[in-house]
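Asks: Supplied in C-alpha cells, the structure appears directly below.
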Amino acid sequence: MDLLILSVSSLLQLYTDSVHDHFSDIYGADMKTKTVQYQGHNISYSYHLWKLKPKSVCANKKQDYTNYSSCTVSAKSFFNDVCQHLERNPEKGWRYVKTKNMYCNASLNYKPVIAQVSFSSGQGNRELEKACSTAILRYMQFNNAKNKQERDIACAKASTNR
C-alpha cells in the first residue's frame with residue numbers, strides 16, 4: 001500500500017511542478033536574471049512579470065561609476081538592438097510576444113546613467129576644474145563624508161577662479 005501512495009504522490013508532485021512551471025513561464029512570475037556579452041561589457045539585468053527591473057541593469061558594476069555608466073549605455077543599445085531584431089524576425093507563440101514586448105519596452109523606457117568628466121571652455125583654471133569634476137565622480141562612486149568634503153572644497157576653489 002505504501003508503494004501505491006508513494007507512486008500517486010510522485011505523479012501528483014510531477015503534475016503540480018509542471019503546472020507551476022508553465023504558469024510561471026507564461027506570466028513571468030519568477031524573477032529571472034540574465035547576463036549577456038555586448039559591446040565589451042558583461043551586461044546583467046533582471047526581469048519579473050516580463051518587465052525589466054531598471055535598477056538591476058549593470059548593478060554588479062556600481063562600484064566603478066565610469067564603468068557602470070558605460071555598461072548602462074551599452075545595455076540601452078542592447079535592448080534597442082534586440083527589439084529591432086525581434087521586430088524584423090517575427091515568430092508565432094506567446095513567448096516571442098512577451099520577449100519582444102519586454103525588450104521593446106526596455107529600449108523605449110530604460111534610462112542609462114551618463115557620467116563623463118568634461119571641462120568648460122571658459123577662462124577658469126583647467127586643473128581646478130579637473131579636480132572638481134574628479135571629486136564629483138569620486139563622491140558619486142563612493143558616497144561618504146570625506147569624499148563630499150573633498151568635492152565641496154575642490155569645486156569651491158574652481159568656482160572662485162573662474
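Position 54 (the sequence shown) corresponds to 54 in my numbering; numbering is contiguous.
Every residue, glycine too, gets a C-beta built ideally from N, C-alpha and C.
1. Leaving out five residues on either side along the sequence, give the residues of the same chain with a beta carbon under 8 Å from the beta carbon of Ala115.
2. Could you check if Ser166 is buried or exposed, using at least 16 other CB atoms within 10 Å of its CB as the buried criterion?
3. Is His20 helix, strand or coil by DSSP?
4. Using the rule of at least 16 other Cβ atoms within 10 Å of the residue's Cβ for burial, across every protein chain shown, is Met31 buried or exposed?
5. Do you know how far the Cα of Leu128 is from the Cα of Val154?
6. Does the beta-carbon distance from Thr72 to Cys58 come in below 8 Å?
7. Considering only C-alpha positions, which residue in the set Gln149, Ala156, Glu150 and Asn143 is nearest to Gln63?
8. CB-CB under 7 Å to His22, same chain, minus the five flanking residues each way: which ones, in chain order?
Replies: In short:
1. Against the sequence shown, residue 115 aligns to sequence position 115. Same-chain partners within the cutoff: Tyr65, Thr66, Tyr68, Ser69, Leu137 and Met140.
2. No statement about residue 166 is possible, as the shown extent of the chain runs from 1 to 162 and does not include it.
3. Locating residue 20 in the sequence shown gives position 20, counting from the first residue. Confidence at His20 is low in this model, with a pLDDT of 45, below 50, so its placement is unreliable and the value that follows should be read with caution. In this structure, His20 counts as helix in the three-state DSSP scheme.
4. Position 31 of the sequence shown, counted from the start, is the residue given in the question as residue 31. Exposed.
5. Indexing the sequence shown from 1 puts residue 154 at position 154. Indexing the sequence shown from 1 puts residue 128 at position 128. Sequence inspection shows Ala at residue 154; the Val mentioned does not correspond to that position. The straight-line gap from Cα to Cα measures roughly 7 Å.
6. Counting from one through the sequence shown, the residue named residue 72 turns up at place 72. Counting from one through the sequence shown, the residue named residue 58 turns up at place 58. Contact: yes.
7. To locate residue 63, count along the sequence shown from 1; it is residue 63. Nearest option by C-alpha distance: Asn143.
8. Indexing the sequence shown from 1 puts residue 22 at position 22. Bear in mind that the predicted position of His22 carries a pLDDT of just 49, short of 50, making it unreliable; the figure below should be weighed with that in mind. Once the five neighbours on either side are set aside, His22 has no close Cβ partner at all.
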